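J.:
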Amino acid sequence: MITFEHVTKTYPGQKRPALHDVSATIDDGEFVFLVGPSGSGKSTFLRLVLREYRATEGSVVVNGRDVGKLRNWRIPKLRRNVGIVFQDFRLLPGKTVSENVAFTLQVIGRPSRDIRTLVPETLELVGLADKGDRLPEELSGGEQQRVAIARAFVNRPGILLADEPTGNLDPVTSVGIMKVFDRIHRDGTTVLMATHDATIVDQMRRRVLELHSGELVRDQAQGVYGYQ
Ligand code: ADP
Ligand code: ADP
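Add 1492 to the 1-based position in the sequence shown for this note's numbering, that's all there is to it.
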């Protein structure tokens, strides 16, 4: 579960807050779209969940913990349970698809017998069962994004965040990527996705949180994209 209670975030040196008095609760297993114009605070919202930043006021509670109060040495444990996927994939070049996905598990010290089963299982889940030995630079954008999803999900985090995951992809490829997120969600993972993709939001009819200038202006069940 993710709870924002009266969260305000003002970046150092900025007068206007990036988020202002935002309160919302996302339950386990929900699929939520975060929409709003550029600069409205969507990435800031995601970064507060990951404790990349701390709220200036209010609290952000993730799985029962106020992440603003976490000691630094506990942050890796939080991030083990919160995967993230970005618009620009951020894969390690020169490492194969399997190595990219395995890396997440190696960093946290999972034994190699787990890695040997989890990596192929996860590549299968994202539709890349036969691409493990390829390099990212040999793959299409959609395939690279599938690798990034596999890397974010291989440790089976309870929460998967995504920041404009289809922003660099054409509409047909985007639908394929959304099917992967949908499958992960149906297996019980909470998904929170910032997006500008009106077509996808309108097709999927999930809960929509809309930000404008840092204010939460809409929280709609089975929502639509809803603004120009
Ligand atoms: P979005 O993801 O909706 O485009 P952001 O959360 O990135 O919005 O940005 C919200 C506001 O905070 C914008 O005005 C942006 O310029 C500002 N901002 C974001 N990151 C920083 C930062 N690291 N330092 C200062 N201002 C920032
Ligand atoms: P924050 O910036 O979240 O307040 P700090 O770096 O100030 O975190 O650390 C908070 C507390 O956690 C301090 O008492 C510090 O000694 C302790 N701490 C930080 N890193 C570690 C670590 N790797 N192992 C054990 N304790 C740590």
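Built from N, CA and C at the ideal position, the CB exists for glycine as well.
Computed from a prediction, not measured in an experiment: that's the story for all the values here.
(1) Which same chain residues end up closer than 7 Å to LEU1597 when comparing Cβ atoms and leaving out the 5 residues on each side of it in sequence?
(2) Report whether the distance from the Cβ of GLN1579 to the nearest heavy atom of ligand 1 is below 7 Å.
(3) Does ligand 4 have even one heavy atom less than 7 Å from the beta-carbon of SER1530?
(4) Is it buried or exposed, ASP1625, if we count other Cβ atoms within 10 angstroms and call 16 or more buried?
(5) Check each candidate in HIS1498, PRO1509, VAL1577 and GLU1629 and name the one with the smallest Cα separation from LEU1542.
(6) For ligand 1, any of its heavy atoms closer than 7 Å to the Cβ of GLY1633?
(7) Is GLN1712 helix, strand or coil by DSSP?
(8) Within the continuous alpha helix (DSSP H) that includes ARG1675, where are the two ends?
(9) Which whole-angstrom value is the C-beta distance of VAL1548 and LYS1623, which I expect to be below 8 Å?
(10) Closer than 8 Å is the cut-off here; do at least three beta carbon pairs connect the region 1549 to 1561 with the region 1632 to 1643?
(11) Check whether the Cβ of GLN1720 lies closer than 7 Å to any heavy atom of ligand 1, and answer yes or no.
(12) If we cut at 8 Å on Cβ distances, does GLY1715 have a partner in chain C?
(13) Return yes when the Cβ of VAL1639 is within less than 8 Å of the Cβ of PRO1628, no when it is not.
(14) DSSP three-state label for GLU1591, please.
(15) Is it buried or exposed, GLY1601, if we count other Cβ atoms within 10 angstroms and call 16 or more buried?
(16) So, at 6 Å on beta carbons, what are the nonlocal neighbours of VAL1514 in its own chain, with the 5 sequence-adjacent residues on each side left out?
(17) Should SER1535 be counted as a contact of ligand 1 given a C-beta to heavy atom distance under 7 Å?
(18) To which residues of the same chain is THR1614 closer than 7 Å at the C-beta, ignoring the five residues directly before and after it?
(19) Inspect the beta-carbon positions of ASN1573 and ILE1651 and report whether they are closer than 8 Å.
(20) Quick check: what's the CA-CA separation for MET1493 versus ALA1510?
(21) Can you look up GLY1601 in the DSSP assignment and give me helix, strand or coil?
(22) Can you tell which of LYS1671, GLY1659, PRO1663 and ASP1679 has the C-alpha that lies nearest to the C-alpha of VAL1527?
(23) Would you list the one or two residues that DSSP bridges to GLU1549?
T.: Working from what's here:
(1) Locating residue 1597 in the sequence shown gives position 105, where the first residue counts as 1. Excluding residues within five positions, the ones whose Cβ falls inside 7 Å are ASP1606, ILE1607, LEU1610, VAL1646 and ASN1647.
(2) The sequence position of residue 1579 within the sequence shown is 87, counting from 1. Not one heavy atom of ligand 1 sits closer than 7 Å to the Cβ of GLN1579.
(3) Summarising the ligand content, the structure contains ligand 1 and ligand 2 and does not contain ligand 4.
(4) Residue numbering aside, residue 1625 sits at position 133 when the sequence shown is read from its first letter. Classification for ASP1625: exposed.
(5) As a working note, residue 1542 is residue 50 in the sequence shown. The shortest C-alpha separation from LEU1542 is found at VAL1577.
(6) In the sequence shown, residue 1633 corresponds to position 141, counting from 1. GLY1633: no, Cβ never under 7 Å from ligand 1.
(7) Position 220 of the sequence shown, counting from 1, holds the residue named residue 1712. If DSSP states are grouped into helix, strand and coil, GLN1712 belongs with the strands.
(8) Here residue 1675 refers to the residue found at position 183 when the sequence shown is read from its first residue. Note, ARG1675: alpha helix (DSSP H), 1663 to 1678.
(9) Locating residue 1548 in the sequence shown gives position 56, counting from the first residue. Locating residue 1623 in the sequence shown gives position 131, counting from the first residue. A small fix is needed here, since residue 1548 is Thr in this sequence, not Val. Rounded, the Cβ-Cβ distance is 43 Å, inconsistent with contact.
(10) no
(11) Looking up residue 1720 in the sequence shown gives position 228. Flag unset: Cβ of GLN1720 not near ligand 1.
(12) Here chain C cannot be found, since the structure has a single protein chain.
(13) Within the sequence shown, numbered from 1, the residue matching residue 1628 stands at position 136. Within the sequence shown, numbered from 1, the residue matching residue 1639 stands at position 147. With contacts defined by Cβ atoms closer than 8 Å, PRO1628 and VAL1639 form a contacting pair.
(14) As a working note, residue 1591 is residue 99 in the sequence shown. The answer is helix: DSSP assigns GLU1591 an H, G or I state.
(15) Position 109 of the sequence shown, counting from 1, holds the residue named residue 1601. GLY1601 should be labelled exposed.
(16) Residue numbering aside, residue 1514 sits at position 22 when the sequence shown is read from its first letter. Excluding positions up to five away in sequence, the list reads PHE1496, VAL1499 and LEU1708.
(17) As a first step, residue 1535 is located in the sequence shown; it is residue number 43 there, counting from the start. Yes.
(18) Walking along the sequence shown from the start, residue 1614 turns up at place 122. Within the same chain, THR1614 has close Cβ partners VAL1593, ALA1642, PHE1645 and VAL1646.
(19) On the sequence shown, residue 1573 is found 81 positions in, with the first residue counted as 1. On the sequence shown, residue 1651 is found 159 positions in, with the first residue counted as 1. Their beta carbons are under 8 Å apart, which means ASN1573 touches ILE1651 by this criterion.
(20) Counting from 1 along the sequence shown, the entry for residue 1493 is found at position 1. Counting from 1 along the sequence shown, the entry for residue 1510 is found at position 18. Cα to Cα, the separation comes out at about 23 Å.
(21) The residue given as residue 1601 occupies position 109 in the sequence shown. In the structure shown, GLY1601 sits in coil (DSSP, three-state: anything other than H, G, I, E or B).
(22) Taking the first residue of the sequence shown as position 1, residue 1527 is located at position 35. Looking at LYS1671, GLY1659, PRO1663 and ASP1679, the one whose alpha-carbon comes closest to that of VAL1527 is GLY1659.
(23) For the purposes of this step, residue 1549 is taken as residue 57 along the sequence shown, with counting starting at 1. DSSP lists THR1500 as partners of GLU1549.
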